[in-house]
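Residue numbers (mature numbering (1 follows the signal peptide of the UniProt record, and there is no 0)): -24 to -1, 1 to 297. Backbone N, C-alpha and C fix where the C-beta goes; we use that ideal spot for every residue, glycine too. A short worksheet on the structure shown next.
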């Protein structure tokens, strides 16, 4: 099976296959877009430069993916002037510590079709090249986060060490686990293997187990649930803090105000929900900056706690440069 065919698996539930008619509609809309303008936003966190990098967007049938009545989802999206399928960003984050260059997630590469796979273009536009990157921190091994690691079977980031949670590595790189998975879900494993194995062979993988420091100023937080080893990263400099939360949230228009709503992509939905509520509560109380892989680019902002959930406050983009 060619990896490029993995696009079909984007709209899979952990155990339920999305109807092909809805998927075909989403793909048709994606195919109509053939141009990408590199996107990056730069801001300061203490002494660190933080650069949000756009990998592109993908249309997702949120009314079928979120675990609530589809009409309720449509209504909530409409209140934010959104529709279904819902255009959804895929973001990565580059942290320049003035000593180490750290990239958190690498986008989809060639695993999701024509509207994604642009993170290198955005990286170059921001003034960096893949060879500049010292460390790559992976939130989890889903293909829209690891696909950019390789191109035509070769490592894109030739000087970088890839850091990922041991649980995710053990699960997604396992032939045994793939053999037990439903046929429709095997592409998730194939995508992870194609993306990570060149780094495994080059001895460029560093596994961590729980809450650890990766480089000075960047620590892990075990937010397992979306995948067995899903991890968020805490970036701290000069008393300022930013949480890079990966896939703790997919649909901001729904899940901020209703954080109990889970999504088909979660391997353990209730665990993912608890982690989302825990981290959102901390971010709101600490007034930390938050960065989300699937929040509208650049995906940077703050949270306020409300009676029923949380309110998203986009970052002050006058600080971005």
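Quiz item: Taking C-beta to C-beta, are residue 160 and residue 122 nearer than 8 angstroms?
Solution: Taking the first residue of the chain shown as 1, we reach residue 160 at position 184. Taking the first residue of the chain shown as 1, we reach residue 122 at position 146. No, the Cβ-Cβ distance between residue 160 and residue 122 is not below 8 angstroms.
Quiz item: With DSSP run on the structure shown, which of helix, strand or coil describes residue 228?
Solution: Residue numbering aside, residue 228 sits at position 252 when the chain shown is read from its first letter. Helix at residue 228.
Exercise. Determine the DSSP secondary structure at residue 3, reduced to helix, strand or coil.
Key: Numbered from its first residue, the chain shown carries residue 3 at position 27. A caution first: residue 3 carries a pLDDT of 44, below 50, which makes its placement in the model unreliable, though a value can still be read off. Reduced to three states, the DSSP call for residue 3 is helix.
Quiz item: Taking residue 215 as the reference, which of 164, 262, 16, 124 has the closest Cα?
Solution: Taking the chain shown and counting its residues from 1, one reaches residue 215 at position 239. Selected option, being the one with the closest Cα: 262.
Practice problem: Report the rounded CA-to-CA distance for residue 147 versus residue 288, giving the unit in angstroms. | Solution: Along the chain shown, read from residue 1 onward, the residue named residue 147 stands at position 171. Along the chain shown, read from residue 1 onward, the residue named residue 288 stands at position 312. Distance between the alpha carbons of residue 147 and residue 288: 33 angstroms.
Quiz item: Nearest to residue 219 by CA position, among 22, 264, 206, is which residue?
Solution: Locating residue 219 in the chain shown gives position 243, counting from the first residue. Among 22, 264, 206, the Cα nearest to that of residue 219 belongs to 264.
Self-check item: residue 166 burial status per 10 Å Cβ neighbour count (16 or more: buried)
Solution: Within the chain shown, the letter at position 190 stands for residue 166. Counting the other CB atoms within 10 Å of its CB gives residue 166 a total of 16 or more, which places it among the buried residues.
Practice problem: Evaluate contact between the segment 241 to 261 and the segment 90 to 97, counting only Cβ atoms and requiring at least three cross-stretch pairs below 8 angstroms. | Solution: Using a C-beta cut-off of 8 angstroms, the segment 241 to 261 makes no contact with the segment 90 to 97, since fewer than three inter-stretch Cβ pairs fall below that distance.
Practice problem: Drop a sphere of 10 angstroms on the beta-carbon of residue 155, count the other beta-carbons inside from all chains shown, and report buried for 16 or more, exposed for fewer. | Solution: Locating residue 155 in the chain shown gives position 179, counting from the first residue. Classification for residue 155: exposed.
Quiz item: With 16 other CB atoms within 10 Å as the buried threshold, where does residue 204 fall?
Solution: One-based indexing of the chain shown puts residue 204 at position 228. Result: buried.
Quiz item: Do the segment 220 to 234 and the segment 180 to 193 meet, that is, are 3 or more Cβ pairs less than 8 angstroms apart?
Solution: no
Practice problem: Go through the segment 138 to 182 residue by residue and report every complete run of the alpha helix (DSSP H) that reaches 4 residues or more, in order. | Solution: The segment 138 to 182 contains these whole alpha helix (DSSP H) runs: 142 to 148, 151 to 156, 162 to 177.
Practice problem: Mark residue 208 as exposed unless 16 or more other C-beta atoms lie within 10 angstroms of its C-beta, in which case mark it buried. | Solution: As a working note, residue 208 is residue 232 in the chain shown. Its Cβ being crowded by 16 or more others within 10 Å, residue 208 is buried.
Quiz item: What first and last residue would you give for the alpha helix (DSSP H) that runs through residue 256?
Solution: Along the chain shown, read from residue 1 onward, the residue named residue 256 stands at position 280. Taken as a continuous stretch (DSSP letters only), the alpha helix (DSSP H) holding residue 256 covers 245 to 262.
Practice problem: Would you tell me roughly how many angstroms separate the C-alpha atoms of residue 193 and residue 221, rounded to the nearest one? | Solution: Working through the chain shown from its first residue, we reach residue 193 at position 217. Working through the chain shown from its first residue, we reach residue 221 at position 245. One C-alpha to the other measures close to 16 angstroms.
Quiz item: Assuming residue 33 and residue 60 make a contact with CB atoms under 8 angstroms, what is their CB distance in whole Å?
Solution: Position 57 of the chain shown, counted from the start, is the residue given in the question as residue 33. Position 84 of the chain shown, counted from the start, is the residue given in the question as residue 60. Contact flag wrong, Cβ pair sits at about 14 angstroms.
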